[in-house]
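There are 2 protein chains.
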Amino acid sequence: MSQKSVGAFYGVGVGPGDPELITRKAERILRAVDWIFLPSGRRSGNSFVRRIVEPLGLPEGKFRPVFLCMSRDRADDSNAYSRAASEIVAELRQGKSVAWITEGDPLFYSTFLHVNEALRPYPEVRVEIIPGVTSTSAAAARVGLPVARLDERVAVVPAAYGMRRLPALLDEFATVFLLKVHAVFDELLAVLASVRGPIRTVYLEQVGTPAERVVTDLESLRGQELPYFSLVILRTEKQE
Amino acid sequence: MSQKSVGAFYGVGVGPGDPELITRKAERILRAVDWIFLPSGRRSGNSFVRRIVEPLGLPEGKFRPVFLCMSRDRADDSNAYSRAASEIVAELRQGKSVAWITEGDPLFYSTFLHVNEALRPYPEVRVEIIPGVTSTSAAAARVGLPVARLDERVAVVPAAYGMRRLPALLDEFATVFLLKVHAVFDELLAVLASVRGPIRTVYLEQVGTPAERVVTDLESLRGQELPYFSLVILRTEKQE
Numbered sequence: 001m002s003q004k005s006v007g008a009f010y011g012v013g014v015g016p017g018d019p020e021l022i023t024r025k026a027e028r029i030l031r032a033v034d035w036i037f038l039p040s041g042r043r044s045g046n047s048f049v050r051r052i053v054e055p056l057g058l059p060e061g062k063f064r065p066v067f068l069c070m071s072r073d074r075a076d077d078s079n080a081y082s083r084a085a086s087e088i089v090a091e092l093r094q095g096k097s098v099a100w101i102t103e104g105d106p107l108f109y110s111t112f113l114h115v116n117e118a119l120r121p122y123p124e125v126r127v128e129i130i131p132g133v134t135s136t137s138a139a140a141a142r143v144g145l146p147v148a149r150l151d152e153r154v155a156v157v158p159a160a161y162g163m164r165r166l167p168a169l170l171d172e173f174a175t176v177f178l179l180k181v182h183a184v185f186d187e188l189l190a191v192l193a194s195v196r197g198p199i200r201t202v203y204l205e206q207v208g209t210p211a212e213r214v215v216t217d218l219e220s221l222r223g224q225e226l227p228y229f230s231l232v233i234l235r236t237e238k239q240e
Numbered sequence: 241m242s243q244k245s246v247g248a249f250y251g252v253g254v255g256p257g258d259p260e261l262i263t264r265k266a267e268r269i270l271r272a273v274d275w276i277f278l279p280s281g282r283r284s285g286n287s288f289v290r291r292i293v294e295p296l297g298l299p300e301g302k303f304r305p306v307f308l309c310m311s312r313d314r315a316d317d318s319n320a321y322s323r324a325a326s327e328i329v330a331e332l333r334q335g336k337s338v339a340w341i342t343e344g345d346p347l348f349y350s351t352f353l354h355v356n357e358a359l360r361p362y363p364e365v366r367v368e369i370i371p372g373v374t375s376t377s378a379a380a381a382r383v384g385l386p387v388a389r390l391d392e393r394v395a396v397v398p399a400a401y402g403m404r405r406l407p408a409l410l411d412e413f414a415t416v417f418l419l420k421v422h423a424v425f426d427e428l429l430a431v432l433a434s435v436r437g438p439i440r441t442v443y444l445e446q447v448g449t450p451a452e453r454v455v456t457d458l459e460s461l462r463g464q465e466l467p468y469f470s471l472v473i474l475r476t477e478k479q480e
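For the record, the sequence lines run as chains A and B. With our numbering, letter number 23 in the first sequence gets 23, and the count goes up by one each step, no holes. With our numbering, letter number 238 in the second sequence gets 478, and the count goes up by one each step, no holes.
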């Protein structure tokens, strides 16, 4: 082993989509590091997270795309993360600094969690995580809906998992964020029709991007094909 | 009425405490606006949120502190917010732009919610909300604990409200953030002792500030006086 010290590894959240919602810390670190690894779709070779940092004008040669399938079968992705982890470690051992960038926050439904997992066999790697603005915060801000007041509770629930339990969640939580609603949207409409009491509902997709869409009449979306990056905010009005 | 257009009102989240976790958008708006209103404690005349934006070097004369009691009796604060709202509206009507800054995110347990409420009688006010990094994201990042992977659920629960229901929450949610744990800490220890299964627990206060404190052995805090800005992350390990 050489005496050269191992470089720093950063998990950097770049926020929900609007490049201005990148933090000052994320910007500083992305300018300072030697390499920026990022997840990339197979087809485009360019990714959503890459577009978020575009306005920072970082040198093109600094980016190292890691191709992921993002399919239901996670085995391919698991291999991709392991390969990325060894590439990252190789750079760190040469004293280079490396950032992995993710949309939103690195610990909140992000690819960073898988990279971090893949880095476990390398205990010498020091990881610093830079939190980011989440898509849930950005969605609520876009429509001005309170998330939590005083002693209120908040739940974040991937929709596919939570439809059956939704009425019970709405009894206990003032705000429920349903993520990835695209696959269960008509089922969601049925559950909402059966729930008593006033509930404010808003559907949002790709908040803070040019493709942003905000719909308050959920019925109007019945039967439509909805994208993956979609969420619904459910806000009970009991305590207001 | 004059023809002068009404100025813009911004609810600006400045993040959890580390000035570098201010977003580029928050920084731009705070530099651009004519006035920055902010909550301020009666004793110090200076506030936590004021210290977060200190490194931006904004002109001192731009700040307009609003004195709040932050007591259990909300009547005094309600009057303070109403007074602040009319001061804000008076400025906006003169075409001035105004920001209200809050720690963390404006819609997540923040003073902005009360100001926004107090502005309801003034429908001419256009409000833009700038989301910020939350204390929960910052706490998880500080200790590298995953918040949500794939289809996991997340709950945010003010501790005083949720102790009795905590075991049930831990069955349903992969990560539970307990806020304001100072008042119920010994009760929390008792509940945790009764819960089965591996749960990672971390106590954090004032994350990202010089007064930051991180404790993984919760037992060691028994009987201690804890501050208001404290939280506990509970992470079930079932799905890992």
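Just so you know, even glycine gets a beta-carbon here, dropped at the ideal spot from N, CA and C. Bear in mind that the values here come from a model prediction, so they are computed numbers and not experimental data.
- Contact between VAL397 of chain B and LEU418 of chain B holds: CB atoms are separated by about 6 Å, below the 8 Å threshold.
- Interface criterion not met: the Cβ of SER82 of chain A is under 8 Å from no Cβ in chain B.
- For the beta strand (DSSP E) assignment, the uninterrupted runs of no fewer than 3 residues enclosed by the segment 358 to 437 of chain B are, from N- to C-terminal side, 367 to 370, 394 to 398, 415 to 419.
- In the three-state scheme derived from DSSP, where H, G and I count as helix and E and B as strand, GLU477 of chain B is classed as coil.
- Taking each of B:LEU296, B:ARG264, B:ALA248 in turn and checking the Cα distance to VAL273 of chain B, the smallest one comes out for B:ALA248.
- At least 8 Å separates the CB of PRO198 of chain A from every CB of chain B.
- Annotation for GLU212 of chain A: GLN206 place their beta carbon closer than 6 Å to its own, counting only its chain and skipping 5 residues before and after.
- In the displayed model, PHE229 of chain A falls within coil according to three-state DSSP, outside both helix and strand.
- The contact set of ASP105 of chain A on chain B, defined by CB atoms closer than 7 Å, consists of SER377 in chain order.
- Apart from the 5 residues on each side of it in sequence, ARG440 of chain B sits with its Cβ closer than 6 Å to the Cβ of ARG475 in its chain, given in chain order.
- If you check the CB distance, LEU170 of chain A and VAL195 of chain A come in under 8 Å.
- Taking one beta carbon from each stretch, the segment 329 to 344 of chain B and the segment 251 to 258 of chain B have 3 or more pairs nearer than 8 Å; the two touch.
- Taking 8 Å as the cut-off between beta carbons, the residues of the segment 20 to 35 of chain A near chain B are GLU20, LEU21, ILE22, THR23, ARG24, LYS25, GLU27, ARG28, in sequence order.
- For PHE48 of chain A, no beta strand (DSSP E) encloses it; the enclosing alpha helix (DSSP H) starts and ends at 48 to 53.
- The beta carbons of PRO363 of chain B and ALA141 of chain A sit about 20 Å from each other, so the pair does not count as a contact at 8 Å.
- Annotated three-state conformation of SER97 of chain A is coil, per DSSP.
- Relative to the Cα of GLU187 of chain A, the nearest Cα in the group A:TYR161, A:PHE173, A:THR175 belongs to A:TYR161.
- By the Cβ neighbour-count rule, SER5 of chain A is exposed, with fewer than 16 other Cβ atoms within 10 Å of its own.
- Your pair GLY11 of chain A and ASN116 of chain A checks out as a contact, with CB atoms roughly 7 Å apart and the cut at 8 Å.
- Under the Cβ criterion of 8 Å, PRO39 of chain A is not counted among the residues facing chain B.
- Assignment of GLU327 of chain B by DSSP, reduced to helix, strand and coil, places it in the helix class.
- At a cut-off of 8 Å between beta-carbon atoms, TYR203 of chain A makes no contact with chain B.
- Across the structure, GLY281 of chain B and LEU150 of chain A are spaced so that their CA atoms are roughly 18 Å apart.
- Considering only A:ARG153, A:SER110, A:MET163, the residue with the shortest C-alpha distance to TYR349 of chain B is A:ARG153.
- From the listed residues A:PRO167, A:THR175, A:TRP35, A:GLU87, the smallest Cα separation to LYS62 of chain A is found for A:TRP35.
- In the structure shown, LEU261 of chain B falls within a helical segment according to DSSP collapsed to helix, strand and coil.
- Only exposed fits TYR228 of chain A, as fewer than 16 other CB atoms lie within 10 angstroms of its CB.
- With a cutoff of 8 Å on beta-carbon distance, GLU267 of chain B and LEU296 of chain B are scored as near each other.
- In this structure, DSSP gives LEU218 of chain A a helical state, which the three-state scheme calls helix.
- Below the 9 Å Cβ cutoff, chain B contributes ASP391, GLU392, ARG393 as neighbours of TYR161 of chain A, in chain order.
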